[in-house]
Amino acid sequence: MEKVNIAIVTSDTLSYLGVKKLLEDIPAVTVCHIADAAGLIDGNADRFDVIVADAAVCMSHLQFFLPRRSKTLVISDKPLVQPAFDFINRTDSAQQLSEKLIDYIDKLRTTASPQSELSQREIEVLTLVASGKINKEIADALQISINTVLTHRKNISAKLGIKSVSGLSVYAMMNGYLK
Amino acid sequence: MIVTKDTKLHDVVISEPAIIAVLSRFDITLGIGDNTVRRICDERGINSSFFVATLNAFIDDEYSGNDIFLAHKKESEAFLHRTGNYYLRFLIPNVEQHFNLLIRRNTAVNSNLELMRNFFGEVKTDILAALSCESQFTPCNAVEEKLDDLISMFVIHLSGNYDVNLCQAVLFAIIGLKKDINLYNRICKSLE
């Protein structure tokens, strides 16, 4: 993974600015502020490599965050009840926080998912392609542009080594995406 | 390797064994002796320039001798015709037989193999459709893409229980067919 896209999910502006400041020293990182978790849950999550979220946000949307725990870093002031999540302690020193963030992102870069793994959005596009939908229908169904559909299709074919629609249908059936 | 008229044909076969399938369409079978391409072509009445271009095009995807196919249109069309028959009689049944054996010998159910065999059935239909346009020798472009997809399914995505040796046999048969169809398509395109 070259560039790391990070979402900071908090309604606390000071927390957002603090984390953003700490991330400035890390190369190839882009940061996006999401004040309301609903904005993340409504289909935006898969464009982020890391989600830094308030403990309160995380706990109140546990069903959303648990499947994404491998890329979620929680801002807290004590170890979480849910030990599955990595966290940064808001009471730590600036240096400790910075080191923790650098370590977390380095670990993510070295253990990033293999290129062949499809994102959730790519699986949705694949399923629609495999069920015979044309690009316009896919764009309408997922509320994205046709260009975005084309980009997803290109990425899917590159990851799977499968280009034809019927080949993608077979792959979708082999993997249970299509009955 | 680049084949010339002075190359010993057995060197070509040893370097590129899959080329035996192409030679058989010139009625050249194993036990070819120690002769050069020129001598073998002279003895059998084969146009040596066309023969050399065909072998080089099979060996090297980037071979740029396509103008030779157009210059020898009659030989090219005869070769394409023989090639179509060869697919129907040998290469396609070869893949099917191996696929059927693979699925029959599988002790556990592997629905992925069934799906892949069905996909090959679709490829076969496409080949038959292209070959039925006999008068104009239609390239099987979609077939090449689908065979590449099938190869990726075996190489990258295969899972579950299967007989490894038979699986490899199916894969080799598909790769051989794909390479041959690449040659068929290039000669077709040279004649357009």
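Sequence lines, in order, name chains R and B. All letters in the first sequence, in the order written, are residues 4 to 182 by the numbering used here. All letters in the second sequence, in the order written, are residues 4 to 195 by the numbering used here. Cβ atoms here follow ideal geometry from the backbone N, Cα and C, with glycine treated the same way. Source: prediction; values computed, not measured.
Own chain residues within Cβ distance below 6 Å of residue i, not counting five before or after
i       : result
I159(R) : E125 and L129
A56(B)  : G68 and I71
The beta strand (DSSP E) enclosing residue i, as first and last residue numbers
i       : result
V34(R)  : V32 to I37
D143(R) : First-last for D143(R): N138 to L145, but that is the alpha helix (DSSP H), not the beta strand (DSSP E).
N8(R)   : V7 to V12
D57(R)  : V53 to D57
Cβ-Cβ separation, residue j to residue i (assumed contact under 8 Å), whole Å
i       : j       : result
Y165(B) : L116(B) : 6 Å
A48(R)  : R71(R)  : 6 Å
E148(B) : S167(R) : 5 Å
I44(R)  : L26(R)  : Between L26(R) and I44(R) the Cβ distance is about 23 Å, and since that is not below 8 Å, they are no contact.
Identity of the residues DSSP links to residue i by a beta bridge
i       : result
K77(B)  : DSSP output for K77(B) lists no bridge partner at all.
F90(R)  : V77(R)
K11(B)  : T39(B)
A145(B) : Beta-bridge pairing links A145(B) to no other residue.
I165(R) : For I165(R), which the question treats as bridged, DSSP gives no partner whatsoever.
Chain R contact residues for residue i, given Cβ-Cβ distances below 8 Å
i       : result
L118(B) : V173, M176 and M177
K149(B) : S167, S169 and G170
F122(B) : S169, G170 and V173
N59(B)  : The premise fails here: N59(B) is roughly 27 Å from chain R at the closest Cβ pair, so nothing lies under 8 Å.
N115(B) : M177
A145(B) : S167
Span of the alpha helix (DSSP H) around residue i
i       : result
I106(B) : I95 to R108
A60(B)  : S51 to I62
E65(B)  : Careful: E65(B) lies outside any alpha helix (DSSP H) and carries neither H nor E.
I130(B) : S114 to S135
E125(R) : Q123 to A133
A48(R)  : That residue, A48(R), is in no alpha helix (DSSP H); it is neither H nor E in DSSP.
I44(R)  : A40 to I44
V167(B) : V167 to L194
Residues that residue i contacts on chain B, provided the C-beta gap is smaller than 7 Å
i       : result
G164(R) : S155 and I159
Chain R contact residues for residue i, given Cβ-Cβ distances below 9 Å
i       : result
F102(B) : Ordered by position in chain R, no residue passes the 9 Å Cβ test against F102(B), which lies about 14 Å from the chain.
Beta-carbon proximity list for residue i, same chain, < 8 Å, skipping 5 on both sides
i       : result
N178(R) : none
V146(B) : V126, D129, I130, A133 and I184
I22(B)  : V15, V16, L58, F61 and I62
Per-residue contacts from residue i into chain R (C-beta, under 7 Å)
i       : result
E125(B) : S169
D152(B) : I165, K166, S167 and G170
Beta-carbon contacts of residue i that lie in its chain and below 7 Å, excluding the five residues immediately before and after
i       : result
Q118(R) : Note on Q118(R): pLDDT 48, under 50, position unreliable in the model; the coordinate value appears next. These residues qualify, in order along the chain: K162.
R120(B) : F102 and I106
A178(B) : Note that residue 178(B) is Ile in the sequence shown, not Ala. I154, listed in sequence order.
I149(R) : N138, K139 and A142
Any non-hydrogen atom of the ligand GDP within 7 Å of residue i CB
i      : result
F61(B) : This structure lacks the ligand GDP; in fact it carries no ligand of any kind.
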